[in-house]
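The structure under discussion appears below in the form of structure tokens.
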Amino acid sequence: MKLLEERIIRDGAFLGKDILKVDSFLNHQIDVSLLEEMGKEWKRLYEGCEITKILTIEASGIGIACMAAREFGVPVVFAKKSKSINVGNDFYSAKAYSFTHQNTNDIIVSKKYLTKGEKIFIIDDFLANGAALAALVDICKEAEAEIVGIGIAIEKWYQGGGDKIRSLGYRIDSLAKIKSMDNDVIEFMD
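Written as structure tokens, this is what we have:
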């Protein structure tokens, strides 16, 4: 998606070799117009596919997922990174390692909001090593929900997470695929 790639080049910042900071428009301060365009693009890519729910993980995926959900006319469910008293004890869980935070979270989704046979579109802001995405896939498997596809805002292709998930047979549509990042230079996949 050219619009997102241009925004990454213009407003993204590097923190070391593998960290791309996009907090000025995607995951801290949010450019709602950009997210609307992203939602429209995923809707175009998945035209004709039956999707009953969008699944994401807190926190950065929520805004993106909500804008896509408007396009699809379906609810969003987000995996929580910690158990709270209002979730109860009836939930699916998986471990998700966060590359950005350098820790592992037990993510949970209430069984009330993810049920057998639902057609799920997973959305997240980044795909690097694939650990968070693999945890969401595991939760869908546990729920016996069908994953229709996966939408990623920015995939750091060179880190291999997308290849791991694709090798399991899942469709991934990343709006910006970064081939390499080095010395403040980003190269996108064609």
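Be aware that the sequence shown starts at 173, since it is given in the numbering used here, and climbs by one per residue. Glycine included, each C-beta is placed from N, C-alpha and C at the ideal position. What you are looking at is a predicted structure, and each value in this text was computed from that prediction instead of being measured.
In or out: residue i buried (at least 16 other Cβ within 10 Å) or exposed?
i    : result
G333 : buried
N199 : buried
S353 : A quick correction: the sequence has Met, not Ser, at residue 353. Buried: at least 16 other Cβ atoms inside 10 Å.
E219 : exposed
S205 : exposed
K288 : exposed
I191 : exposed
G188 : exposed
Where does residue i sit, in a helix, a strand or coil, going by DSSP?
i    : result
Y264 : strand
K215 : helix
V281 : strand
V194 : coil
L206 : helix
K291 : strand
N199 : coil
List the whole-angstrom C-beta distance separating residue i from residue j, where the pair is believed to meet the contact cut-off of C-beta under 8 Å.
i    : j    : result
I322 : I358 : The Cβ separation is near 22 Å, so there is no contact.
L227 : C312 : 7 Å
Y330 : V309 : Not quite, the Cβ-Cβ distance comes to about 21 Å (not below 8 Å), so this is no contact.
F250 : G233 : 7 Å
E213 : L347 : 6 Å
K253 : E222 : That belief does not hold up - the Cβ atoms of K253 and E222 are roughly 29 Å apart, past 8 Å.
In the DSSP assignment, find the unbroken alpha helix (DSSP H) run with residue i in it and report its ends.
i    : result
S232 : 232-244
E314 : 303-315
I180 : 174-183
G220 : Run containing G220: none; DSSP gives neither H nor E here.
K336 : 333-338
Could you please give the first and the last residue of the uninterrupted beta strand (DSSP E) stretch that includes residue i?
i    : result
S352 : 344-354
A325 : 318-328
A251 : 248-251
T224 : Here T224 belongs to no beta strand (DSSP E), and DSSP marks it neither H nor E.
A360 : Per the sequence shown, the amino acid found at residue 360 is Phe instead of Ala. Start and end: 357-360.
Between residue i and chain D, is the shortest Cβ-Cβ distance under 8 Å, so that the two count as touching?
i    : result
C221 : The question asks about chain D, but that chain is absent: this structure has only one protein chain.
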